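*Asks:*
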Amino acid sequence: MGNEKQKLLNRLNQDGWHYGGLPGLQWEAERAKSADRSLMRQMVKELTQDTRFGEFFRACINCGNCTAMCPPFRFADFSPRVVVQKVMHARDEPELFFQMVDEYIWACFQCYSCWEVCPAHNNPGGLIAIIKELCVKYGLSSAKKALEPYSKILYKIMTTGTQITPDMHTTIALFRDWGPHKAELAKTIRLERQAVPVESMAGVMDKSWRVDESTMRELMLIEEEAGVMSSVEATLKDVVDMVREAKKELEGKKSG
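Sequential numbering from 156 applies to the sequence shown in this note's numbering.
(1) Near glutamate 368, what residues of its chain come up, given a Cβ to Cβ distance below 6 Å and the 5 sequence neighbours on each side ignored?
(2) Roughly how many angstroms lie between the CA atoms of methionine 313 and arginine 399, to the nearest whole one?
(3) Report yes if the C-beta distance between leucine 295 and valine 256 is below 9 Å; otherwise report no.
(4) For the region 277–327, list the alpha helix (DSSP H) runs that are entirely contained and at least 4 residues long, ordered along the chain.
(5) Starting from proline 249 and walking both ways along the alpha helix (DSSP H), at which residues does that stretch end?
(6) Since leucine 202 and isoleucine 286 are thought to touch, with beta carbons under 8 Å apart, how far apart are those beta carbons, to the nearest angstrom?
(7) Helix, strand or coil: which one does DSSP assign to threonine 206?
(8) Buried or exposed, going by whether 16 or more other CB atoms sit within 10 Å of the CB of glutamate 248?
(9) Helix or strand or just coil, what does DSSP make of cysteine 225?
(10) Taking all protein chains shown into account, do 16 or more other C-beta atoms lie within 10 angstroms of the C-beta of leucine 289, making it buried, or fewer, making it exposed?
(11) Taking the beta carbon of leucine 376 as the centre, do at least 16 other beta carbons fall within 10 Å, making it buried, or is it exposed?
(12) Can you give me the start and stop residues for the alpha helix (DSSP H) that lysine 413 sits inside?
(13) Would you give the residue range spanned by the alpha helix (DSSP H) that arginine 372 belongs to?
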C-alpha cells in the first residue's frame, strides 16, 4: 500500500514537471490527493463514452504543436498537451484527471488553435469542452467559481434566448465593448442611425429584447425536456430556480 501511495504522489507531479518536461499542475497536487476517486472515474467513463470523444482524441505523439499555438499558454501555466496526456492516463489514475478539472481547464476559451495544428487531428479544445460540461453537471467547485460572474447572462439566455438587456446600455454608446473611441463615435451616432434602414437594425436595438411569451415558454420547455435544466442544476441551482419560476409565471399567465 505504501508503494502505491508513493507512486501516486510521484505521478501527481508535485515539482511541476512530468511526461518529458510538460508544464505542471503543482499548485493542484495537494487537492488531487483528496480527490473523490469514484466521481473522477465516473467522469472519465462519461468522457470516453461521449459520442464526440472518438472524433476529438485519436493519439498523442507529444509534439507540442498545440501548446505552441495556444494563446493562454503565453500568459498562464496552461498547456493543451497536458490535457491530452492526462486524459490518456485518466482511466488508471483518476487523480491526474482531477488535476485538470480543478481549475486548470478553465484557462481554455475554446479558440481551437490547437486543433488546427495537431498532426494527429486531435482536438484538445473539444476534449476540454466535454470535460467542462461534466464539471457543470456534477457541480464541481471550479465550475461554480468560473460561471458565477455570468449568472445574469445565463438567466437571460435560458429565458429569452438573448444575452442582451436594456440595462447593458451606456449613456454615450450602445455597447461597452466599442473600444477606446466609443465616446467619439457616439457623438454622431443618432444622426448616422437615421441613414440606416429600420429593417437592418432589427435585433440590435429595442426589438431584440421583445421576446414573445409563447417563444419563451417553448424555449424553457425545450430546455426542461432536453435535460438542460437538470444537467446544470448542480452548479447553477439559483439560476435554474429563477428560470423555473419564470416558466411558472408564464404558464400562469397563459392559463389565466
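A virtual CB, placed ideally from N, CA and C, is assigned to each residue, including glycine. Since the model is a prediction, treat every value here as computed from it, not as a measurement.
*Replies:* So, to answer that:
(1) Within the sequence shown, numbered from 1, the residue matching residue 368 stands at position 213. Here the set comprises Leu405.
(2) For this step, residue 313 is matched to residue 158 along the sequence shown. For this step, residue 399 is matched to residue 244 along the sequence shown. So the alpha carbons of these two residues sit roughly 10 Å apart.
(3) By one-based count along the sequence shown, residue 295 stands at place 140. By one-based count along the sequence shown, residue 256 stands at place 101. Cβ distance < 9 Å, so leucine 295 and valine 256 count as in contact.
(4) Runs found: 279–292, 296–302, 306–315.
(5) Indexing the sequence shown from 1 puts residue 249 at position 94. For proline 249, the enclosing alpha helix (DSSP H) covers residues 249–256.
(6) As a position in the sequence shown, residue 202 is number 47, starting the count at 1. As a position in the sequence shown, residue 286 is number 131, starting the count at 1. 6 Å between Cβ atoms; contact.
(7) By 1-based counting over the sequence shown, the position of residue 206 is 51. When secondary structure is reduced to three states using DSSP, threonine 206 falls in the coil class, being assigned neither helix nor strand.
(8) Sequence index remark: in the sequence shown, residue 248 carries index 93 (1-based). Classification of glutamate 248: buried, given that the 10 Å Cβ count is 16 or more.
(9) Taking the first residue of the sequence shown as position 1, residue 225 is located at position 70. DSSP places cysteine 225 in coil when its eight states are reduced to three.
(10) What you label residue 289 is simply residue 134 of the sequence shown in a count that begins at 1. Answer is buried; the Cβ neighbour count reaches 16.
(11) Here the question's residue 376 lines up with position 221 in the sequence shown. Result: exposed.
(12) Outside the modelled stretch of the chain, which goes from 156 to 411, sits residue 413, for which no answer is possible.
(13) Mapped onto the sequence shown, residue 372 falls at position 217. Run containing arginine 372: 368–380, per the alpha helix (DSSP H) assignment.
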